[in-house]
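Numbering (this note's numbering), first residue to last: 54 to 234. Written out below as structure tokens is the structure these notes cover.
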């Protein structure tokens, strides 16, 4: 349950960072900001899923504690703290969701009033960047040409005494002791 609550808070923190950034750049980059806000909506959906998962786990823990209260020991205090964390995460999720919905409605209203041109800007493509090793580890042209022109050296021929014996892959001959001749 705590892992699910922590995951929920991480998704909420990511969404809050996007919302804070969007407030600053919405006038300069409205389309980019809208796409980022839609991604933050997806993150809040994931946070909602994690929060629901944490709520189910908390409910299961409370049910099992209600069945056997004598085995709990210090568990009720831990469950109470976990419930407080869950409640704080839920309130933060609602506040972030409301802030995001408000910002999205303002961006939409500004677009309807003609605050920005929604046509895409077609930028000129950049030339392809040279690879890192070509840029920083340049090889002299003479070395490159020499490597291309260099022939593959063949190994020297072996003498007949150095050559390995031919191995027969058939049946091995019988041992001398087993042979009646």
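Ideal Cβ positions, reconstructed from N, Cα and C, are used throughout, including at glycine.
Between residue i and residue j, what straight-line distance do the alpha-carbon atoms span, to the nearest angstrom?
i: residue 159; j: residue 84; result: 13 Å
i: residue 101; j: residue 146; result: 8 Å
i: residue 137; j: residue 56; result: 15 Å
i: residue 94; j: residue 66; result: 12 Å
i: residue 58; j: residue 109; result: 11 Å
i: residue 117; j: residue 105; result: 18 Å
i: residue 115; j: residue 154; result: 34 Å
i: residue 54; j: residue 107; result: 5 Å
i: residue 132; j: residue 178; result: 57 Å
i: residue 148; j: residue 161; result: 20 Å
i: residue 113; j: residue 128; result: 13 Å
i: residue 245; j: residue 119; result: Given that the chain is displayed from residue 54 to residue 234, the structure contains no residue 245 and the question cannot be resolved.
i: residue 166; j: residue 87; result: 16 Å
i: residue 151; j: residue 82; result: 22 Å
Is residue i near residue j, with beta carbons less than 8 Å apart?
i: residue 142; j: residue 62; result: yes
i: residue 99; j: residue 64; result: yes
i: residue 111; j: residue 135; result: yes
i: residue 144; j: residue 97; result: no
i: residue 103; j: residue 60; result: yes
Under a three-way DSSP split, which group does residue i fall into?
i: residue 79; result: coil
i: residue 232; result: Because the pLDDT of residue 232 is 49, which lies under 50, any placement of that residue in the model is unreliable, and the number read from its coordinates should be weighed accordingly. Coil, per DSSP.
i: residue 88; result: helix
i: residue 140; result: helix
i: residue 108; result: helix
i: residue 166; result: coil
i: residue 178; result: coil
i: residue 121; result: coil
i: residue 100; result: helix
i: residue 154; result: helix
i: residue 127; result: coil
> Just checking, does the stretch 73 to 93 make contact with the stretch 117 to 134 on the three C-beta pairs under 8 Å criterion?
Replying inline: no
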